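Numbered by our numbering, the letters in the sequence shown go through residues 2 to 246 in order.
Written out below as C-alpha cells is the structure these notes cover.
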Amino acid sequence: MGDATTQSRRARLRAETTAEIKAIALTHMATGGPAAISLRAIAREMGMTAGAIYSYFTSRDDLITALTADVYDSLANVLEAAHRDAPSGRSADKVLAHAHAYREWAIANPEEFRLIYGDPVPGYKAPEAGAAQEAEHRLCAVLLGLVADAWPQAAASQAGCDYDWSDFQPSLAVMARELFPDLPPAAVALCLRVWSRMHGLLTLEVYGHLRHQVHEPGKLYEADMHDLIRTLGLEDHAEVPSANG
Numbered sequence: 002m003g004d005a006t007t008q009s010r011r012a013r014l015r016a017e018t019t020a021e022i023k024a025i026a027l028t029h030m031a032t033g034g035p036a037a038i039s040l041r042a043i044a045r046e047m048g049m050t051a052g053a054i055y056s057y058f059t060s061r062d063d064l065i066t067a068l069t070a071d072v073y074d075s076l077a078n079v080l081e082a083a084h085r086d087a088p089s090g091r092s093a094d095k096v097l098a099h100a101h102a103y104r105e106w107a108i109a110n111p112e113e114f115r116l117i118y119g120d121p122v123p124g125y126k127a128p129e130a131g132a133a134q135e136a137e138h139r140l141c142a143v144l145l146g147l148v149a150d151a152w153p154q155a156a157a158s159q160a161g162c163d164y165d166w167s168d169f170q171p172s173l174a175v176m177a178r179e180l181f182p183d184l185p186p187a188a189v190a191l192c193l194r195v196w197s198r199m200h201g202l203l204t205l206e207v208y209g210h211l212r213h214q215v216h217e218p219g220k221l222y223e224a225d226m227h228d229l230i231r232t233l234g235l236e237d238h239a240e241v242p243s244a245n246g
C-alpha cells in the first residue's frame, strides 16, 4: 500500500509540474511569441535545474509539440461542444455555432491560435507522427463532420466543382474516406473552403489588422458567416447568439 501511495503521489506531482511548465511556456509565448519558449528560462523561473526540467521534456521541440497537441485538443473540445449545443439540428445553426465558438476561442486564446496557425516557430521541426498530429487530425475531423452534416443541402451549390481524391494529401483523403465514406472529393474541398472562410477574417482580427478599419470585428464576421450559409444553400435563419464584440 505504501509503495502504491508513493507512486501515486509522484505521478500527481509530476503531472502538476508538467502542467506548470506548460503554463509558464504559454506565458513566455504571450510576451515574446513561440520563439521565446526556452526550457532553461522556464527552469530558472520555477527554481529547477536545467537537468531536472529535461526529465519532463527532452527538448524545447518536445515541449512545443506537447503544447501544440494540447491546443488542437482544446479547440476540438470547444467545437465539438458547440455542435452538440447548437440551438437546433439545422445545418445553418451548426455552422454558425461552430463559427462563433471558433472566434470566441481564438479571441480568448490568441497565443494558442498563433502557435498552431501563425508563422512556424524558428528552428522547430514538427514530428511526422504522434500526439500533435493525432490532435490536428481530430480537429480536421470535427470540421469534416460539420460539412458532412450540411452536404445533403450544400451539394447543389457545388455541382460545378471538379475534384478528385488525388487533389488532396493522402493523409486527408484517407481520413475523409474512413470517417465519411459517402462524402465525395468535392465535399472535402468544400470543408477546406469553409475553414478558410471562417479563418480569414478571424486571422486578421487576432493579428490586429482590423483594429483601424472597424469598431466591431464580430459584426463583420457575423455578416460573412450568414453569407457563407446562404452561399451553401442552407437555411438562413439561426438562433445562435450574436458574435459581436
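Beta carbons: idealized from backbone N, C-alpha and C, even for Gly.
Model, not experiment: these values are computed from the prediction.
Nearest neighbour of residue i, chosen from the options [CA to CA]
{"i": "residue 78", "options": "101, 91 and 139", "result": "139"}
{"i": "residue 39", "options": "61, 23, 50 and 31", "result": "61"}
{"i": "residue 154", "options": "106, 122, 53 and 234", "result": "234"}
{"i": "residue 195", "options": "226, 127 and 51", "result": "226"}
{"i": "residue 156", "options": "231, 94 and 135", "result": "231"}
Cβ-based burial, residue i [other Cβ within 10 Å; buried from 16]
{"i": "residue 72", "result": "buried"}
{"i": "residue 69", "result": "buried"}
{"i": "residue 210", "result": "exposed"}
{"i": "residue 189", "result": "buried"}
{"i": "residue 11", "result": "exposed"}
{"i": "residue 15", "result": "exposed"}
{"i": "residue 137", "result": "buried"}
{"i": "residue 128", "result": "exposed"}
{"i": "residue 240", "result": "Model confidence at residue 240 stands at a pLDDT of 49, short of 50, so the residue's coordinates are unreliable; what they give is reported in the following sentence. So residue 240 counts as exposed."}
{"i": "residue 92", "result": "buried"}
{"i": "residue 244", "result": "Note that residue 244 scores 47 on pLDDT, short of 50, meaning its location in the model is unreliable and no value can be drawn from it."}
{"i": "residue 237", "result": "Its pLDDT being 48, under 50, residue 237 is placed unreliably in this model, and the coordinates cannot settle the point."}
{"i": "residue 112", "result": "buried"}
{"i": "residue 175", "result": "exposed"}
{"i": "residue 26", "result": "buried"}
{"i": "residue 104", "result": "buried"}
CB contact flag (residue i, residue j, <8 Å)
{"i": "residue 86", "j": "residue 100", "result": "no"}
{"i": "residue 43", "j": "residue 22", "result": "yes"}
{"i": "residue 102", "j": "residue 83", "result": "yes"}
{"i": "residue 168", "j": "residue 185", "result": "no"}
{"i": "residue 192", "j": "residue 229", "result": "no"}
{"i": "residue 18", "j": "residue 57", "result": "yes"}
{"i": "residue 1", "j": "residue 81", "result": "No answer is possible for residue 1: the residues shown for the chain start at 2 and end at 246."}
{"i": "residue 163", "j": "residue 95", "result": "no"}
{"i": "residue 250", "j": "residue 51", "result": "The structure shown does not extend to residue 250, since the chain is modelled only from 2 through 246, so no value can be given for it."}
Range of the contiguous alpha helix (DSSP H) that encloses residue i
{"i": "residue 217", "result": "Looking at the DSSP string, residue 217 is not in any alpha helix (DSSP H), and its letter there is neither H nor E."}
{"i": "residue 181", "result": "Per DSSP, residue 181 belongs to no alpha helix (DSSP H) and is neither H nor E."}
{"i": "residue 211", "result": "It is not in any alpha helix (DSSP H) - residue 211 carries neither H nor E in the DSSP assignment."}
{"i": "residue 78", "result": "61-85"}
{"i": "residue 141", "result": "132-155"}
Any non-hydrogen atom of the ligand ZN within 7 Å of residue i CB
{"i": "residue 166", "result": "The ligand ZN is absent from the structure shown, which contains no ligand whatsoever."}
Meets three-Cβ-pair contact criterion under 8 Å: the stretch 215-223 and the stretch 188-204: yes
Could you say if the stretch 211-218 and the stretch 166-182 meet the contact criterion of at least three C-beta pairs nearer than 8 Å? no
Stretch pair the stretch 115-126 + the stretch 26-36: three plus CB contacts closer than 8 Å: yes
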